[in-house]
Amino acid sequence: MFHWLEKNPFFFAVGVFVVIAFAGLIEILPNFAEASRPVVGLKPYTVLELAGKNIYKKDHCIACHSQLIRPFKAETDRYGQYSLSGEYAYDRPFLWGSKRTGPDLHRVGNYRTTDWHENHMWDPKSVVPQSIMPAYKHYFTNIADIETAYAEAVTVKKVFRTPYGDEFKPTKEAWEAHKPSVLAEAKAIVDDMKNKDVKEAVANGQIPEIVALIAYLNRLK
Amino acid sequence: MDIRELQGYASFFMTIFLVVILYSYIIYLYRSEKKGEKDYEKYGNIALDDEIDSPPIERNPKNQSEKKELNK
Amino acid sequence: MKQIVILFVFLSIIFIEKDYNILDINNFWLRIKIINIIFYKGVCMQSHAALEYDYSVAKLFTYTTILFGFLGMLIGTLIAAQLAFPELNYLMGEYGTFSRLRPLHTNIVIYGFTVSGVFATFYYSAQRVLKVSMAESRFLMFVGKLQFVLYVILALAMVASLLMGFSSSKEYAEMEWPLDILTVLVWVLWGVAMFGLIGMRREKSLYISLWYFIACFLGVAMLYLFNNMEVPTYFASGGLGSVMHSVSMYAGTNDALVQWWWGHNAVAFVFTVPIIAMIYYFLPKESGQAIYSYKLSLLSFWGLMFVYLWAGSHHLLWSTVPDWMQSMGSVFSVVLILPSWGSAINMLLTMKGEWNQLTENPLIKFMVLASTFYMLSTLEGPIQAIKSVNAIAHFTDWIPGHVHDGVLGWVAFMVMASLFHMAPRMYKREIYSKKLMEAQFWLQITAVVLYFTSMWIAGITQGMMWRAVDEYGNLMYSFIDTVAVLNPYYTIRALAGVLYLTGFLMFAYNMYKTMTASRKLEAEPQFRSPMA
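The listed protein sequences correspond, in order, to chains V, R and H. So the number in my numbering is just where the residue sits in the first sequence, counting from 1, plus 1. So the number in my numbering is just where the residue sits in the second sequence, counting from 1, plus 6. Just so you know, my numbering puts 75 at position 89 of the third sequence, and the rest follows in order with no gaps.
Right, dumping it as structure tokens:
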């Protein structure tokens, strides 16, 4: 039987496939139903926060920052309550990261403010003198892609039943109708900021990337 | 029986099954060599003598009739 | 044309004598015999003279291996230097920050350099162990070349899109959905070429290298498909926003599981399995020694296939995935030492009684070193997967240190050695310079040692500082203290990068000269590669 397998490439390939697929079948798939339940009170990301999350993704913040607090005293002292599975229920994709060149950010909203982030993104050394993080000055001029964030909200509502309100519909009109509320959210953040260009852009109805990113970081609690 | 239990049983029996297969494979490899039925080490030469016109270690039959002949 | 000549020869032999009597049976049979011999020999010799292994596809992938190897290592060296000298982040505006370049480095090195190397060595060695030539099938030749063209398009699109910031932000699976589709296409074409060649084979049994290539094909296909399941938002939302954007099919902890099931097994099926395929072919061929124990190679194959997949969850220890899964990952990681060392020991013992070749032939040196580093990193990995060790090691620089043991010491060494072995056969010239090769070897080995030692120290230092508490139980260090302390190690690592990159440039130069300017060979060398 064994020798026959070695001479029949097709059945050999099937055999290899069974052996490698086995682990996934047992270990990975059955867990799905259980782990995707949100913790009580967890709200889906607002459109502005999603736009910020997309900037976090685009610039690959996970290369240096984790979003996973492990259950050790040293970590809970430093970053706060350890992470729970249900807190990530609306994270598509998960952004745990695998390397902490910089600190964990899972609860950064608890101890950093809009003002702090604004200074830090403009020049990290101004708030943390020894920092090796690069400045992200282009966030203050680049305009965030809010429409894509709205499209994402609509998509996850439709496909994964993420609990967004009934007004989230896959049409241009619904998007136009939703815009003012995103802008209002942005304005609330900009009130705490001092950069003139950013204030001006938001007054003109455009949202620079920094505002969306701060909205996202403030939400991480 | 919930999914966790099922998972446990599936994992256990599949692992036992594959371990049995792996061990019988080992036994098969060494016994067939001892009995002289099958010499696995000769396949190592496939890499050494790999000119296109050198004779294959085991020829692959091109069609059915040749296959029968080789099996005789 | 051939047929006409044969017919002419045939007729002339039968009727060359005027007084030929067709009824003279003996004479007739004699002549038929002569014809037979001439005819048969003629056809056979002709077809054999024409039938040679065809390396055109292997050559194409050799070029991309060198190109992407250089590019990936260049970016790697740059981002290593950025950690030591942060000013280097501003070389290219928003496109030059560490965070933007890091996925570019990993993707180019994995999918540009390593995968090109896998394709090149496959198209070279698969023909040889199956004893068929690509030239025998126009279809497969077309598939191979098409695969190359699509692959280059994909690789360039990958570089451009990651630089522009189109990323799904899942490590080693950053490419957005349109590129994923192209990836699937390239992979399927490889499968067609692989099973097409196997279907035509003259050698009935598949050599162990091919087992590993088949496993690489199947494993990556399965894992890649599962991990990159995503919904393009543009289509689901009726045409809103960016076309490139997508959301993952899985959320949170599930996504983490699938991602590291992939991330870990990308290491298995891209950095381990096809590289073992290479060493099982190229080491015996270069040294003239058959594999020490063919049976052991088969056993460790099945062992590796079964065990590797379970270990994925060791990337998620102390996270929110269920405990039993973490323990499973931990235990299987330790079990994984067995099949890994089975292969590694088998490779080293292949050189049994022939260790003198190590001093005479730098190529053997490359390969033996590669298998040594394979042993080292397959021991280091399980150690890091022990839960208590992981508590310190995870999130620190020890992890990139471990990865680079494997990729610099094992993968890149083996890929370069394979290309060196292939060059004299593909270009019919001897290797340009043995001295350069020796120098490259020592330069790069120094680089690897500097790299992993500095990262060991950096990782453990940082891991210990994060958890250090004073006598009252308060944390002793602020986070930035643990960053500042790493500066010397980051500098050493950047230096190691420069050394390795220099070595790679020497390799590229040596290959280029071999292709163009080296002394021509009359016959294909059987075992040891000739070098000047």
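Where is the CB? At the ideal position from N, CA and C, for every residue including glycine.
Report the rounded CA-to-CA distance for residue i versus residue j, giving the unit in angstroms.
{"i": "N75/H", "j": "A242/H", "result": "29 Å"}
{"i": "A433/H", "j": "Y486/H", "result": "5 Å"}
{"i": "K(-12)/H", "j": "A509/H", "result": "Low confidence applies here, because K(-12)/H scores a pLDDT of 49, under 50, leaving its location unreliable; read the following figure in that light. Cα-Cα distance, rounded: 27 Å."}
{"i": "D146/V", "j": "T92/H", "result": "27 Å"}
{"i": "W248/H", "j": "K195/V", "result": "44 Å"}
{"i": "V40/V", "j": "L69/V", "result": "16 Å"}
{"i": "I211/V", "j": "V160/V", "result": "29 Å"}
{"i": "K8/V", "j": "I63/R", "result": "13 Å"}
{"i": "Q113/H", "j": "L35/R", "result": "27 Å"}
{"i": "G103/H", "j": "L405/H", "result": "8 Å"}
{"i": "Q512/H", "j": "H4/V", "result": "30 Å"}
{"i": "G110/V", "j": "Y80/V", "result": "11 Å"}
{"i": "W396/H", "j": "F359/H", "result": "5 Å"}
{"i": "L140/H", "j": "M337/H", "result": "40 Å"}
{"i": "I478/H", "j": "L436/H", "result": "7 Å"}
{"i": "I61/H", "j": "A67/H", "result": "10 Å"}
{"i": "Q131/V", "j": "F84/H", "result": "17 Å"}
{"i": "G206/V", "j": "L184/V", "result": "7 Å"}
{"i": "Y475/H", "j": "K117/H", "result": "50 Å"}
{"i": "T500/H", "j": "T488/H", "result": "18 Å"}
Look at residue i and residue j and say whether their C-beta atoms are less than 8 Å apart.
{"i": "S154/H", "j": "S232/H", "result": "yes"}
{"i": "T156/V", "j": "S223/H", "result": "yes"}
{"i": "E416/H", "j": "I58/R", "result": "no"}
{"i": "F47/H", "j": "F128/H", "result": "no"}
{"i": "T239/H", "j": "V307/H", "result": "yes"}
{"i": "D383/H", "j": "E366/H", "result": "no"}
{"i": "M497/H", "j": "A409/H", "result": "yes"}
{"i": "Y267/H", "j": "N332/H", "result": "no"}
{"i": "V145/H", "j": "I94/H", "result": "yes"}
{"i": "K180/V", "j": "V203/V", "result": "no"}
Once DSSP output is grouped into helix, strand and coil, what is the label at residue i?
{"i": "K281/H", "result": "helix"}
{"i": "P72/H", "result": "helix"}
{"i": "D59/R", "result": "coil"}
{"i": "R79/V", "result": "helix"}
{"i": "R65/R", "result": "strand"}
{"i": "K506/H", "result": "strand"}
{"i": "I208/V", "result": "coil"}
{"i": "K190/H", "result": "coil"}
{"i": "I133/V", "result": "coil"}
{"i": "I63/V", "result": "helix"}
{"i": "K45/H", "result": "helix"}
{"i": "K100/V", "result": "strand"}
{"i": "M517/H", "result": "strand"}
{"i": "L214/V", "result": "helix"}
{"i": "L77/H", "result": "coil"}
{"i": "L461/H", "result": "strand"}
{"i": "T47/V", "result": "coil"}
{"i": "K499/H", "result": "helix"}
Could you tell me the boundaries of the alpha helix (DSSP H) in which residue i lies?
{"i": "S440/H", "result": "K420 to R453"}
{"i": "E272/H", "result": "V259 to S273"}
{"i": "V217/H", "result": "Not the alpha helix (DSSP H): V217/H falls in the beta strand (DSSP E), residues E216 to P218."}
{"i": "R88/H", "result": "F84 to N93"}
{"i": "G16/V", "result": "P10 to A24"}
{"i": "E186/V", "result": "K173 to V191"}
{"i": "Q245/H", "result": "G238 to A252"}
{"i": "K126/V", "result": "P125 to V128"}
{"i": "K158/V", "result": "I147 to F161"}
{"i": "N143/V", "result": "Segment: none, N143/V is in no alpha helix (DSSP H) and carries neither H nor E."}
{"i": "N196/V", "result": "Here N196/V belongs to no alpha helix (DSSP H), and DSSP marks it neither H nor E."}
{"i": "K40/R", "result": "I9 to K40"}
{"i": "T306/H", "result": "Careful: T306/H lies outside any alpha helix (DSSP H) and carries neither H nor E."}
{"i": "T169/H", "result": "W163 to G185"}
What are the boundary residues of the beta strand (DSSP E) that includes residue i?
{"i": "V145/H", "result": "First-last for V145/H: R124 to M150, but that is the alpha helix (DSSP H), not the beta strand (DSSP E)."}
{"i": "V118/H", "result": "No beta strand (DSSP E) contains V118/H, which DSSP labels as neither H nor E."}
{"i": "V233/H", "result": "S232 to S234"}
Could you check whether the Cβ of residue i sits closer than 8 Å to any Cβ belonging to chain A?
{"i": "F169/V", "result": "Here the protein chains are V, R and H, and chain A is not one of them."}
I'd like to confirm something about residue i: is its beta-carbon nearer than 7 Å to some heavy atom of the ligand MN, or not?
{"i": "F152/H", "result": "Absence of the ligand MN is noted for the structure shown, with no ligands found whatsoever."}
- Task: Identify every run of the beta strand (DSSP E) within the stretch 337 to 418 of chain H, keeping only runs that are complete inside it and at least 3 residues long; order them along the chain.
- Result: none
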